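A short write-up of the structure that comes next.
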Amino acid sequence: MPCTSSKVAPRTSSNARPMHGHSLPLLFFLRSLPAQLVSTTSSSSSSARRKKVMAVTPRGRPGTSIGHRRPTLLLLLLCCLLLALFPCRASAFHSFVGTYGVNYGQIADNLPTPPEVVRLLQMAKIKNVRIFDSNPKVLDAFRNSGLNLAIAIPNGLVKDISANPAKAMDWVNENVQPYYPSTRISAIIVGNEILGGADSGLAEALIGAVVNVHDALRALRLSRTIEVNTPHSEAVFGSSYPPSNGTFRPDLMVYLKPLLDFFSKTGAPFYVNAYPFLAYMSDPEHIDVKYALMEPNAGILDPKTNLHYDNMFEAQLDATYSALELAGYPDMEVRVSETGWASEGDASETAATLENARTYNFNLRKRLFLRKGTPYRPKRVVKAFIFALFNEDQKTGPGSERHFGLFKPDGSVSLDLGFKGLTSHSSPSLQGWIFSAAALLSSCSTFLFLALAA
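Each residue of the sequence shown is one higher than the one before, starting from 1485 at the first, in the numbering used here.
See the structure below:
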């Protein structure tokens, strides 16, 4: 994790593939079915478009003739015909459930056992987890847990895997095959913050490693269910302020371009580590801490887009979207692989306080719960892995590196966000009730909308 960041530069999608097969056989199959069966039944494999048609088309009163249901059947047949003539790209795997995930780092000698960690995650209802290796004890503990787990290939293995496809297959056979699918491995993360670092040889090897791992998964027929990706730090950006001026470093495009081409083909998102904490620490005289913490503030106005930003997190994401658009990838999703705020640090890290960490994480969780996009990409729901699950006492670097945890090593709550810890003195707070009430209201609103639509 880098120790500096620019004003709004980030620190450091579901996989969409062409639909296989043809819809015309389905069309003829539907024609052969009784009209009543077709108009009143929808299977679990029905497309979202078909479900929508069936949800809003009146089915009529009991006893009405089948002929009155023909509009529904005709609409279904039309949808099938359109799918056959204009194949669309569909999500082939779900590497992220909802909008909230967490990084489970293990550079510590006092953490709960992996089975206890699974119980803690289930109690906290955190369904997306990222680790920085492929620890077999963790992979075993996650079996049948219902949790998505992104595992990682450390930087030290990237060059070997890039140079030799057999090494990639060996790694997948050792770290994926024995556990999947009982352990829901959702992604393989190749390296971490490689581009922009000091090792140009590692940067050159990155694309080869990503491709070889993907090819190994494809050979095992797992490439449609397990995503392959790599996270980036703020070092890949040439500029990021204002957000519309986001650009990638020209000298890194020789490495980024093939990666972006590959992710565009597989439908994978662009992973970025976004840390308002580090950005604020790098320039506290010119950055309003409330802007960094997502607290009420005047914000900034982007003069090019005329969009207003009231928090740095969204500005960082839109700077990334702008950079992708300029590079020729306007439709690629940006997903946050790390973000967080330290609760303690060295004497010089004055912003690393328990109150600031709680404020940022609480506001971020609340913002992610809303399932909304950014000012520049309002329809693209933001998804993020929080850094980190635990305080890690053996991490090197500034003191803040050891104090990003939502939980303490004993499993008790470190930041009061409404989570329940493993120990008896960790209990849900007012924030927990707020989130529960918000979830109930959101569900009621959805049912009301469906009722009115019907």
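Idealized CB from N, CA, C, for every residue including glycine.
Since we're looking at a predicted model, the values are computed, not measured.
Going by C-alpha to C-alpha distance, which of the options sits closest to residue i?
| i | options | result |
| --- | --- | --- |
| residue 1775 | 1844, 1806, 1598 | 1844 |
| residue 1798 | 1749, 1728, 1769, 1814 | 1728 |
| residue 1819 | 1715, 1651, 1696, 1705 | 1715 |
| residue 1726 | 1802, 1579, 1835 | 1802 |
| residue 1837 | 1777, 1709, 1896 | 1777 |
| residue 1833 | 1890, 1758, 1882 | 1882 |
| residue 1429 | 1683, 1713, 1667 | Coverage of the chain is limited to positions 1485 through 1938, which leaves residue 1429 absent and any answer about it impossible. |
| residue 1604 | 1625, 1592, 1620 | 1625 |
| residue 1730 | 1809, 1787, 1703 | 1809 |
| residue 1653 | 1764, 1693, 1906, 1874 | 1693 |
| residue 1841 | 1619, 1770, 1824, 1849 | 1824 |
| residue 1765 | 1787, 1796, 1744 | 1796 |
| residue 1894 | 1868, 1597, 1580, 1585 | 1597 |
| residue 1762 | 1835, 1671, 1585 | 1835 |
| residue 1615 | 1665, 1671, 1864 | 1671 |
| residue 1585 | 1872, 1896, 1897, 1781 | 1872 |
| residue 1708 | 1665, 1629, 1737 | 1665 |
| residue 1807 | 1644, 1609, 1737, 1704 | 1737 |
Kindly give me the distance between the Cβ atoms of residue i and residue j, rounded to whole angstroms, as I take these residues to be in contact under 8 Å.
| i | j | result |
| --- | --- | --- |
| residue 1884 | residue 1826 | 4 Å |
| residue 1794 | residue 1783 | 4 Å |
| residue 1902 | residue 1891 | Their Cβ separation, rounded to whole angstroms, is 13 Å, which puts residue 1902 and residue 1891 out of contact at 8 Å. |
| residue 1874 | residue 1675 | Between residue 1675 and residue 1874 the Cβ distance is about 22 Å, and since that is not below 8 Å, they are no contact. |
| residue 1862 | residue 1792 | Not confirmed; about 13 Å, so no contact. |
| residue 1746 | residue 1740 | Not a contact, Cβ separation roughly 11 Å. |
| residue 1771 | residue 1587 | Their Cβ separation, rounded to whole angstroms, is 24 Å, which puts residue 1771 and residue 1587 out of contact at 8 Å. |
| residue 1779 | residue 1847 | 7 Å |
| residue 1804 | residue 1866 | That belief does not hold up - the Cβ atoms of residue 1804 and residue 1866 are roughly 11 Å apart, past 8 Å. |
| residue 1849 | residue 1857 | So it is not a contact: roughly 17 Å between Cβ atoms. |
| residue 1800 | residue 1868 | That belief does not hold up - the Cβ atoms of residue 1800 and residue 1868 are roughly 11 Å apart, past 8 Å. |
Please state if the CB of residue j and the CB of residue i are separated by a distance shorter than 7 Å.
| i | j | result |
| --- | --- | --- |
| residue 1753 | residue 1691 | no |
| residue 1723 | residue 1689 | no |
| residue 1710 | residue 1669 | yes |
| residue 1583 | residue 1899 | no |
| residue 1686 | residue 1678 | yes |
| residue 1623 | residue 1663 | yes |
| residue 1634 | residue 1876 | no |
| residue 1887 | residue 1828 | yes |
| residue 1613 | residue 1595 | no |
| residue 1581 | residue 1611 | yes |
| residue 1642 | residue 1680 | no |
| residue 1659 | residue 1618 | yes |
Quick one: is residue i buried, meaning 16 or more other Cβ sit within 10 Å of its Cβ, or exposed?
| i | result |
| --- | --- |
| residue 1735 | exposed |
| residue 1657 | exposed |
| residue 1661 | exposed |
| residue 1821 | buried |
| residue 1627 | exposed |
| residue 1878 | exposed |
| residue 1760 | buried |
| residue 1700 | buried |
| residue 1785 | exposed |
| residue 1889 | buried |
| residue 1549 | Low per-residue confidence applies at residue 1549: pLDDT is 44, beneath 50, and the placement is therefore not dependable enough to give any value. |
| residue 1817 | buried |
| residue 1812 | exposed |
| residue 1578 | exposed |
| residue 1606 | exposed |
| residue 1790 | exposed |
| residue 1602 | buried |
| residue 1854 | exposed |
| residue 1751 | buried |
| residue 1512 | Bear in mind that a pLDDT of 37 at residue 1512, under 50, signals an unreliable position, so the model cannot answer this. |
| residue 1907 | exposed |
| residue 1684 | exposed |
| residue 1880 | exposed |
Please name the residue or residues paired with residue i in a DSSP beta bridge.
| i | result |
| --- | --- |
| residue 1887 | Answer is none; residue 1887 lacks a bridge partner. |
| residue 1734 | DSSP output for residue 1734 lists no bridge partner at all. |
| residue 1823 | 1870 |
| residue 1785 | 1792 |
| residue 1614 | 1587, 1634 |
| residue 1711 | 1671 |
| residue 1721 | 1732 |
| residue 1756 | 1716, 1820 |
| residue 1897 | 1891 |
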